[in-house]
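Student: Have a look at this one.
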Amino acid sequence: MLARFVRSAAVAAAVTGTLAWAPAASAQPSEPTPSASAGPAETPALDAGSVEITAKDAAGDVLPGATFLLLDSAGQEAGRGKADEQGKLTFSGLAPGVYRLKETASGSPIHEVVADQDVIVTPGATTRLTVTDPFKAAKVLLQAKDDKTGKLLPGATVNIGTGDSTLVTLTTGAKGTASGELPVSSRKTQFWVKEIKAPAGYDLYKPSKTFSAGPGAPVTVTVTNAKTATDPKPDPSDKPTHKPTDSPSTPSDKPSSGTGGAKPSAPGTSTPDADSPSTAAAAPAGVSAPKTPPGSLAHTGADATPWIAAGAGLLVAGGVVTLVVARRRTADGSEPDDSGSAS
C-alpha cells in the first residue's frame, strides 16, 4: 500500500508540474504477508494397538468360555468378551496406554480365576498375554481312630504333601477330626500322609500312606493308632538290694512282761478255782491237753486246773500200787536170806 501511495504522489506531481520529495519504496521495510500454506500444523493421530489373550490351566489345557473385562486408565470399560474354542480372545482398536484386565469367570467348575493384572498397549502393536487359571483346591478330611474299637481320637498331628514338599499340617480336635485344603496341579494329584504326633496313650502310626485327590473334590484320610502297652514285664535285675527290717509295729511272738499279758503259771503251783469240782477224771491215755493257738495270749492257771488235778491223781495212784506190792513181797518172805545159814 505504501508503494502505491508513492507512485500516486509522483504521478500527481508530474501532472501539476510540482516536484515533491517522497521516500523511495525500497527504503521502507515491508511487512511480511502471511502465506496461505503457513497455517498451524496438525498433530498426526497415534496408531491404535490391541491385546490378544490365551486362557489355559496349570496342566496346559485351553479354557474356552473364560470371560474377561478390560478397563482403561480412568476405570472405564474398554472391552469385554469370552474366549473361543481355542481359549483365545482379542481386544482391538485400543489407544496406547495402561489397561486393567479382570477375569470374571473361568468357564470351568474345577478352575479358579486369576488376580487382576495390568496390560500395556503400544502403538500399532499387539500385546499377547497368556492367562493360567489354577485348579480349585481339594477338600481333605482327616480322621484318627483306635485300631481296635474305631473310636475317634483327638490330638493326632499329621503332615500331608506331594513329592518332597509338605503342603499342610493338620491336628485332630476334640471330635477326632480335622479339615483343610490341598492345592492340586492336575485333574488327579497323588499325595502322601505321615503322622508326626500320636494321640495321648497311643503309639505313633509309622507307615506313610498315599491317596489321590481331584480339584474341588472332597477326600477322607484315616490314620489308625494302637494303644501303648500299660503292663510291662518286670525286669529280673530289679531286685531289692537290702532285706526288709521288722517294723516297730510288728507284734512279737514272746509274751510281754507288761501289765497287758499274764505269765502262765507253773504246773502244780496253780490253785484250782473255788467254783471248780474238787475231783476231776483223769484224761484218757494218749490224749494230750489242747494247745494254745499261735499268736494268742497265754491262759491263766485256772483254765489248766482239771488237767493238773488228773496228773496228780495218776501219780498218787501209781505210788500206792508200788507200796502195796512191796509190802506183799515182804510179808510172804519170798526174798532169800542174806546170811546163807541152814537151820
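So for the sequence shown, numbering that gives the first Met the number 0 puts the first residue at 0; every next one is plus one.
All residues carry an ideal CB built from backbone N, CA and C; glycine is no exception.
Taking only beta-carbon atoms, is Pro122 less than 7 Å away from chain B?
Tutor: Chain labels in this structure do not include chain B; a single protein chain is all it has.
Student: Tell me the DSSP secondary structure of Arg326 in three-state form.
Tutor: If you number the sequence shown from 1, residue 326 lands on position 327. Helix.
Student: Give me the residue from Gly64, Phe190, Ala94, Lys144 with the minimum Cα distance to Pro122.
Tutor: Position 123 of the sequence shown holds residue 122. With distances taken between Cα atoms, Pro122 lies closest to Ala94.
Student: Among the residues of its own chain, which have a CB less than 8 Å from the CB of Leu169, if the five just before and after it don't count?
Tutor: In the sequence shown, residue 169 corresponds to position 170, counting from 1. Cβ neighbours of Leu169 beyond the five flanking positions: Val139, Leu141, Thr156, Val157, Ile159, Ala177, Ser178, Gly179.
Student: Quick check: Thr126 and Val50, are their CB atoms within less than 7 Å of each other?
Tutor: Position 127 of the sequence shown holds residue 126. Position 51 of the sequence shown holds residue 50. Result yes, Cβ atoms of Thr126 and Val50 sit closer than 7 Å.
Student: Taking the straight line between their C-alpha atoms, what separation do you get for Ala137 and Arg186?
Tutor: Taking the sequence shown and counting its residues from 1, the one referred to as residue 137 is at position 138. Taking the sequence shown and counting its residues from 1, the one referred to as residue 186 is at position 187. Cα to Cα, the separation comes out at about 10 Å.
Student: Can you give the Cα-Cα distance for Tyr201 and Thr171, rounded to whole angstroms?
Tutor: Within the sequence shown, numbered from 1, the residue matching residue 201 stands at position 202. Within the sequence shown, numbered from 1, the residue matching residue 171 stands at position 172. Cα-Cα distance, rounded: 14 Å.
Student: At 4 residues or longer, and completely inside the region 206-234: list those alpha helix (DSSP H) runs for me, N to C.
Tutor: Taking only runs of at least 4 residues, no alpha helix (DSSP H) segment lies wholly in the region 206-234.
Student: Between Gly92, Leu68, Thr221, Ser72, which lies nearest to Ala82 when the distance is taken from Cα to Cα?
Tutor: In the sequence shown, the residue the question calls residue 82 occupies position 83. For the residues Gly92, Leu68, Thr221, Ser72, the minimum Cα distance to Ala82 belongs to Leu68.
Student: For Arg326, which residues of its own chain have a beta-carbon under 7 Å away from its beta-carbon, when the five flanking residues on both sides are left out?
Tutor: Taking the first residue of the sequence shown as 1, we reach residue 326 at position 327. Excluding residues within five positions, none has a Cβ falling inside 7 Å.
Student: Contact defined as beta carbons within less than 8 Å: I believe Lys135 pairs with Gly215. What is the distance between those atoms, to the nearest angstrom?
Tutor: Sequence index remark: in the sequence shown, residue 135 carries index 136 (1-based). Sequence index remark: in the sequence shown, residue 215 carries index 216 (1-based). About 4 Å; that satisfies the 8 Å criterion.
Student: Return the CA-CA distance between Asp163 and Val218, expressed in angstroms with no decimal places.
Tutor: Translated into positions along the sequence shown, residue 163 becomes position 164. Translated into positions along the sequence shown, residue 218 becomes position 219. The straight-line gap from Cα to Cα measures roughly 21 Å.
Student: Quick one: grab the DSSP three-state call for Leu69.
Tutor: Sequence index remark: in the sequence shown, residue 69 carries index 70 (1-based). Three-state result, Leu69: strand.
Student: Any heavy atom of the ligand COA closer than 6 Å to the beta-carbon of Lys174?
Tutor: Among the components of this structure there are no ligands whatsoever, and the ligand COA is therefore not found.
Student: Helix, strand or coil for Ala309? Go by DSSP, reduced to three states.
Tutor: Taking the first residue of the sequence shown as 1, we reach residue 309 at position 310. In the structure shown, Ala309 sits in a helix (DSSP, three-state: H, G or I).
Student: Straight-line CA distance for Arg79 to Thr66?
Tutor: Indexing the sequence shown from 1 puts residue 79 at position 80. Indexing the sequence shown from 1 puts residue 66 at position 67. Cα to Cα, the separation comes out at about 8 Å.
Student: Please classify Val113: does DSSP put it in a helix, a strand, or coil?
Tutor: In the sequence shown, counting from the first residue as 1, residue 113 sits at position 114. Coil, per DSSP.
Student: So, Val130 versus Ala54, is the Cβ gap smaller than 7 Å?
Tutor: Translated into the one-based positions of the sequence shown, residue 130 becomes position 131. Translated into the one-based positions of the sequence shown, residue 54 becomes position 55. Yes, these two residues count as a Cβ contact at 7 Å.
Student: In whole angstroms, what separates the C-alpha of Pro108 from that of Ser211?
Tutor: For the purposes of this step, residue 108 is identified with residue 109 of the sequence shown, where counting begins at 1. For the purposes of this step, residue 211 is identified with residue 212 of the sequence shown, where counting begins at 1. Cα to Cα, Pro108 sits roughly 19 Å from Ser211.
Student: Does DSSP put Thr321 in a helix, in a strand, or in coil?
Tutor: Stepping through the sequence shown from its first residue, residue 321 is reached at position 322. Of the three classes helix, strand and coil, the one that applies to Thr321 here is helix, per DSSP.
Student: Thinking Gly92 and Ala47 are a contact (beta carbons under 8 Å), I'd like their distance in whole angstroms, please.
Tutor: As a first step, residue 92 is located in the sequence shown; it is residue number 93 there, counting from the start. As a first step, residue 47 is located in the sequence shown; it is residue number 48 there, counting from the start. Gly92 to Ala47, Cβ: 5 Å. Contact.
Student: Taking buried to mean at least 16 other C-beta atoms within 10 Å of its own C-beta, is Pro206 buried or exposed?
Tutor: Mapped onto the sequence shown, residue 206 falls at position 207. With fewer than 16 Cβ atoms within 10 Å of its Cβ, Pro206 is classed as exposed.
Student: To the nearest angstrom, how far is it from the Cα of Pro198 to the Cα of Lys150?
Tutor: Your numbering for residue 198 matches position 199 in the sequence shown. Your numbering for residue 150 matches position 151 in the sequence shown. Cα-Cα distance, rounded: 12 Å.
Student: Look at the alpha carbon of Glu194 and the alpha carbon of Ile119, and state the distance between them as a whole number of angstroms.
Tutor: Here residue 194 is taken as the residue at index 195 of the sequence shown, counted from 1. Here residue 119 is taken as the residue at index 120 of the sequence shown, counted from 1. Cα-Cα distance, rounded: 49 Å.
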